[in-house]
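Right, one structure below, let's go through it.
Chains as they are written, first to last, in the numbering used here: chain A, 1 to 397; chain B, 398 to 702.
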């Protein structure tokens, strides 16, 4: 055996490694760009702020990186306006050349932002909006929901309300895509009589008219899907009108989360709501998230913050598993579909339409050990729940 | 049904009175100074922010309301003496452009000082609950308070305009500016005062509505459009017209949002009613305006002779 051979081989191996490392470093010096387009002004601003804070917390905890590459997050405000959303998305995609898009709160904005995003083959990771359109016929390889499908939380309330024996329920939701999804979802699992079904203007703040109608209809329970400032105002005025004594108020997690509790306070005690997550859920990822969030921002996280955090974790996993090669769209898609990250909500996996199959929980607003008014998770409403639209999704392979 | 109607009538009255507070200032400025002031809504917004901030700082809603109204009145008079005074002689297009510029600057300034997120306020604890007006009919205490303050402000304004020397000059200015000038009215002082009163009324409306709605950037624009509808219906320059117009618009808007969906529901079913009802209800006030203008092209109580 020649004495030169092993060393030659070794040199060749070393050279190859060095070269590939060089190639890799050329790719990794470019940061991963994320366009975080969210609602940061108006009555829905609290939601966008929490998504942003949750997302940025995840990046901060991984030392400013996504999957080992430096992350650059470009934050923009869609003003809850579909036109503004679409224009800003265009700018983020064409000028800033983002690798991922995320952050949209409202489904009407989502439907406007979707088209230019998918067309440019940019992956959209939803940290909130999960419109039925994208779960069914318009399902898209570039759309992933790290949150839920719009109907899901409402389905869970529909089941809860039925199980608790309420027979006459009045429904109120804003007149926009997610509002329709909400009441459709609720009615899918609610078996009693619908006393009234009211669609209000999006971002309406005065509910005097709706409350008088409730007083006249006399339902035994009221179901509201009014996210952000809408819910805050509705609940305050509902209590102010003295209706809380005559009817039980139910809502999805959106209407009973920490942002609403902070603004309304004690009158929220005893309200049931549903969510795919709760800040008291006992798993390692969640304990780390909640503690870090409280330390960083001095408040309890909402489900929006949890979704923002998970969206960042999902991107992190995709960048990591593709070794940072984000130009290989097929590989990125495969890595996203695999969803190899520790979700703060525990078990998490994607269905064929890129919407989650996950558990939904019932929560109630109580006082915790420290005397704070906050949510407590009571139990599971659905286990491994999928959405109702997956059947009509023909996902292109 | 009777209770529903009564409650809606009160809701309409409450909304109408708040519209009146805005429209009264607007109609005087428009009627006397012949000045289109788009920044009127900004005074409403700034007033609401000032009352809200003072409320959080002092812990007293009433003190905050008084101080906030006074501060906004001062701000309004300052705005009049420094900027708006130069616009009286210009045509309406220039006035619209200039005051629209002020509106944009106010919005940005508020965004810089208070941030883009709305301030959510709670009414004073004593007024947070309902009151039983008579057996079987309860109404939110805070809305009653708004109605009370609105009525008091309307009465005070009536007294000012009809029974004081200042009011006489205001009415004279509204019906014939040149003649009032010729009779020796100190118009510059009068204009500044009128503007201050208008700003104070804006702040009062903003401060009262803050806990009921939300204090946010751009809150002035949507309500300003309605205030313009009110003064067109009432007749430009007429405070009496503004009151009647505001009550009409308030009632029609509230009734429309209740009754139209109910009527639609019986006719075409809940699904279609949910879609068409709010749309039809929101155009109802413009139908009202068009009807009034068809029969009374200069509004219900035209101020100019």
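Every residue, glycine too, gets a C-beta built ideally from N, C-alpha and C.
Here the structure is a predicted model, which means the values were calculated and not measured.
What does the alpha-carbon distance come out to for the pair residue i and residue j?
i, j, result
"residue 106 of chain A", "residue 99 of chain A", "22 Å"
"residue 488 of chain B", "residue 278 of chain A", "60 Å"
"residue 337 of chain A", "residue 380 of chain A", "25 Å"
"residue 654 of chain B", "residue 242 of chain A", "21 Å"
"residue 477 of chain B", "residue 103 of chain A", "43 Å"
"residue 408 of chain B", "residue 625 of chain B", "21 Å"
"residue 688 of chain B", "residue 142 of chain A", "52 Å"
"residue 302 of chain A", "residue 257 of chain A", "6 Å"
"residue 365 of chain A", "residue 376 of chain A", "6 Å"
"residue 593 of chain B", "residue 470 of chain B", "5 Å"
"residue 443 of chain B", "residue 509 of chain B", "13 Å"
"residue 547 of chain B", "residue 188 of chain A", "46 Å"
"residue 214 of chain A", "residue 170 of chain A", "8 Å"
"residue 543 of chain B", "residue 551 of chain B", "12 Å"
"residue 327 of chain A", "residue 334 of chain A", "13 Å"
"residue 262 of chain A", "residue 577 of chain B", "55 Å"
"residue 272 of chain A", "residue 131 of chain A", "24 Å"
"residue 396 of chain A", "residue 454 of chain B", "58 Å"
Taking 8 Å as the cut-off, decide whether the C-beta atoms of residue i and residue j are in contact.
i, j, result
"residue 42 of chain A", "residue 699 of chain B", "no"
"residue 33 of chain A", "residue 74 of chain A", "yes"
"residue 329 of chain A", "residue 121 of chain A", "yes"
"residue 48 of chain A", "residue 227 of chain A", "no"
"residue 304 of chain A", "residue 51 of chain A", "yes"
"residue 416 of chain B", "residue 643 of chain B", "yes"
"residue 111 of chain A", "residue 79 of chain A", "no"
"residue 426 of chain B", "residue 492 of chain B", "no"
"residue 318 of chain A", "residue 332 of chain A", "yes"
"residue 462 of chain B", "residue 480 of chain B", "no"
"residue 685 of chain B", "residue 649 of chain B", "yes"
"residue 212 of chain A", "residue 354 of chain A", "no"
Would you mind sorting residue i into buried or exposed? The rule is 16 or more other CB atoms within 10 Å of its CB.
i, result
"residue 153 of chain A", "buried"
"residue 664 of chain B", "exposed"
"residue 369 of chain A", "exposed"
"residue 180 of chain A", "buried"
"residue 400 of chain B", "exposed"
"residue 341 of chain A", "buried"
"residue 560 of chain B", "exposed"
"residue 616 of chain B", "buried"
"residue 585 of chain B", "exposed"
"residue 490 of chain B", "exposed"
"residue 383 of chain A", "exposed"
"residue 486 of chain B", "exposed"
"residue 690 of chain B", "exposed"
"residue 398 of chain B", "exposed"
"residue 683 of chain B", "exposed"
"residue 267 of chain A", "buried"
"residue 575 of chain B", "exposed"
"residue 265 of chain A", "exposed"
"residue 522 of chain B", "exposed"
"residue 520 of chain B", "buried"
Tell me whether residue i sits in a helix, a strand or coil according to DSSP, three-state version.
i, result
"residue 412 of chain B", "helix"
"residue 585 of chain B", "helix"
"residue 702 of chain B", "Model confidence at residue 702 of chain B stands at a pLDDT of 48, short of 50, so the residue's coordinates are unreliable; what they give is reported in the following sentence. If DSSP states are grouped into helix, strand and coil, residue 702 of chain B belongs with coil."
"residue 433 of chain B", "coil"
"residue 30 of chain A", "coil"
"residue 358 of chain A", "strand"
"residue 246 of chain A", "coil"
"residue 345 of chain A", "coil"
"residue 101 of chain A", "strand"
"residue 252 of chain A", "strand"
"residue 504 of chain B", "helix"
"residue 614 of chain B", "coil"
"residue 483 of chain B", "helix"
"residue 633 of chain B", "coil"
"residue 193 of chain A", "strand"
"residue 519 of chain B", "coil"
* Count the CB pairs spanning the segment 239 to 249 of chain A and the segment 197 to 205 of chain A that are closer than 8 Å, and state whether there are at least three. => no
* **Given 8 Å, three or more beta-carbon pairs between the segment 600 to 614 of chain B and the segment 486 to 502 of chain B** => No: fewer than three Cβ pairs fall under 8 Å.
* Residues in the segment 169 to 203 of chain A with C-beta within 7 Å of chain D's C-beta atoms, listed in sequence order? -> No chain D is present in this structure, whose protein chains are A and B.
* Stretch-stretch touch, CB-based, cutoff 8 Å, three pairs: the segment 407 to 421 of chain B with the segment 207 to 218 of chain A -> yes
* Three or more C-beta pairs closer than 8 Å, one from the segment 620 to 635 of chain B and one from the segment 523 to 542 of chain B: is that the case here? -> no
* Do the segment 83 to 90 of chain A and the segment 108 to 115 of chain A touch if we need at least three Cβ pairs shorter than 8 Å? -> yes
* Counting Cβ pairs closer than 8 Å, one from the segment 280 to 300 of chain A and one from the segment 341 to 352 of chain A, do we hit at least three? -> Segments in contact, yes.
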